[in-house]
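See structure below.
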Amino acid sequence: MKLKKLLTLGLTVVMSASMLVGCSSSKNADSSEAAEGNEKVIRVGMVTDVGGVNDESFNQSAWAGLEKAKKEYGDKIEVKYLESKQDADYVPNIETFVDQDMDLIIGVGYKLADAIEEAAKNYPESQFALIDASYEKQPKNVTSLLFEDNVSAYLTGLVAGKMTETNKVGFIGGIEGEVINRFDYGFRAGVKAANPDAKVMVQYANSFTDSALGKSIANQMHKDNVDIIFSAAGAVGIGAIEAAKENNKKAIGVDQDQNKLAPDNVITSAMKNIDNAVFNLVKSMMDGTYEGGKVIINTLDMDGVGIAPTSDKNVPPDVLEYVQKEVEKIKSGEIKVPQNEKEYKELNK
């Protein structure tokens, strides 16, 4: 790329802040101003998927991890994000950060897997990270951050199975795929373990951005006597939570603690602690222990997943006690939570 070549030849000076695309929590000072003496400023860029940085879900959680790093390390680090409005934005957004000589470029979500892999191949001296996906042959300059989504979903399924009053609960998925399947079948398994009489209605929206569609699907489920809905669908799930609030039903959030969206209706959330994972990754860069090419699975044992801390607001103590006992069984290996349809069917033969 032209700009990259110019930078390589040393024919340009540091770009002014007004030319930078995206958002930076250190926007009032560039890296040369922030550095004292010869101390290197670590620069990290994050590319969102189409949900955007304020999706109240995993993009926002990833950015929170970078903001935490900025707060921790101050002028020693610069963090920015670029939002992708459509899938076609992934490649140019990544290349923008390559041109800006970022020390680490993070792609949020499995939909960026192809773009990150291609960039890693084209720019072998750059470092990348990818959330929610890994590769059969992991590139040496890509770190993948994975999560036991099925386990956090299973725990919320236990809550739903115990708290449903109609024995009908619902699951709304975004776009069908490996990650959402983990949420789907983990949740189904949890509901069945807690309440064999409960039925789970499942519908996919084929979208992560259409909140109106999520609300419409949830409204129909409510009409069919579903009283608790768990959504793993980005902004689609925000629509489902709105429906729960309007219809006086219960909802289960995802990725972040979404209780604040409807304090009386969101009873728990399937937490995926992306913020902690991103912070720890950046921390390794700051302390010099970072190694590319790794696949890091954030587990229940390492507090990578779990249920929301606000669960005690709406979930009875005896249900939370039951869930905690099941947590210990999962950690000990007594319970194996399914990740897909095949494992779910084997579990329920």
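Residue 338 is where the sequence shown starts when you use the working numbering, and the numbers rise one by one after that.
All residues carry an ideal CB built from backbone N, CA and C; glycine is no exception.
Distance from T605 to S648 at the Cβ level is roughly 4 Å; contact confirmed, criterion being Cβ atoms closer than 8 Å. G527 and V390 have their C-alpha atoms spaced approximately 30 Å apart. Residue burial annotation: E502 is exposed, with fewer than 16 other C-beta atoms found within 10 angstroms of its C-beta.
The three-state reading of DSSP puts T501 in coil, since its state is none of H, G, I, E or B. Taking all protein chains in view, the Cβ of P429 is surrounded by fewer than 16 other Cβ atoms within 10 Å, so the residue is classified as exposed. Taking 8 Å as the upper bound for CB-CB distance, D469 and Y447 are in contact here, some 5 Å apart. For S606, the pairing in a beta bridge is given by DSSP as G590. By the CB criterion at 9 Å, K587 and D564 fall inside the cutoff.
The continuous stretches of alpha helix (DSSP H) do not include M538, which lies in the beta strand (DSSP E) extending over residues K536 to Y541.
Within the stretch 427 to 504, the complete beta strand (DSSP E) runs of at least 3 residues fall at 441 to 445, 465 to 468 and 479 to 484. In the structure shown, V387 adopts coil according to DSSP, grouped into three states. In the structure shown, F616 adopts helical secondary structure according to DSSP, grouped into three states. For E658, the closest C-alpha among the options F434, M558 and L495 is that of L495.
Of all C-beta pairs linking the stretch 603 to 617 to the stretch 630 to 643, three or more are shorter than 8 Å, placing the two stretches in contact. In the DSSP assignment, E415 falls within the beta strand (DSSP E) that extends over I414 to L419.
Here A425 is exposed. Its C-beta has fewer than 16 other C-beta atoms within 10 Å.
Within the same chain, I672 come within 6 Å of K666 by CB-CB distance, once the 5 residues on both sides are set aside.
For a cut-off of 8 Å, the C-beta gap from V435 to A456 is around 7 Å, short enough to register as a contact. Apart from sequence neighbours up to five positions away, the residues of its chain that approach S421 with a beta-carbon distance below 7 Å are V384, T385, D386, V387, Y427 and N430, ordered along the chain.
Per DSSP, V674 lies in no beta strand (DSSP E) and is assigned neither H nor E.
Around the beta carbon of T493, a 10 Å sphere encloses 16 or more other beta carbons of the protein chains shown; the residue is thus reported as buried.
Pairing F508 with Q540 gives a Cβ-Cβ distance under 9 Å. By the neighbour-count definition (other C-beta atoms within 10 Å, threshold 16), Q423 is an exposed residue. Contact between the stretch 458 to 465 and the stretch 404 to 415 is absent, with fewer than three C-beta pairs closer than 8 Å. The C-beta separation of Q676 from N487 comes to about 5 Å, placing the pair in contact by the 8 Å criterion.
In the three-state reduction of the DSSP assignment, G382 falls in the strand class, which pools E and B. Cβ-Cβ separation between V445 and V416: approximately 13 Å, too far for a contact (criterion under 8 Å).
In the displayed model, A569 falls within a strand according to three-state DSSP. For a cut-off of 8 Å, the C-beta gap from V632 to S471 is around 5 Å, short enough to register as a contact.
One Cα belongs to K529, the other to A570, and the distance between them is close to 22 Å. In the three-state DSSP reduction, F508 falls in the strand class (E or B). N596 sits in a helix when the DSSP states are folded into three classes. Per DSSP, V632 lies in no alpha helix (DSSP H) segment; the continuous beta strand (DSSP E) that holds it begins and ends at V632 to N635. In the three-state reduction of the DSSP assignment, V563 falls in the coil class.
Residues of the same chain with a CB within less than 6 Å of the CB of K477, apart from the 5 flanking positions on each side, are G629 and G630 in chain order.
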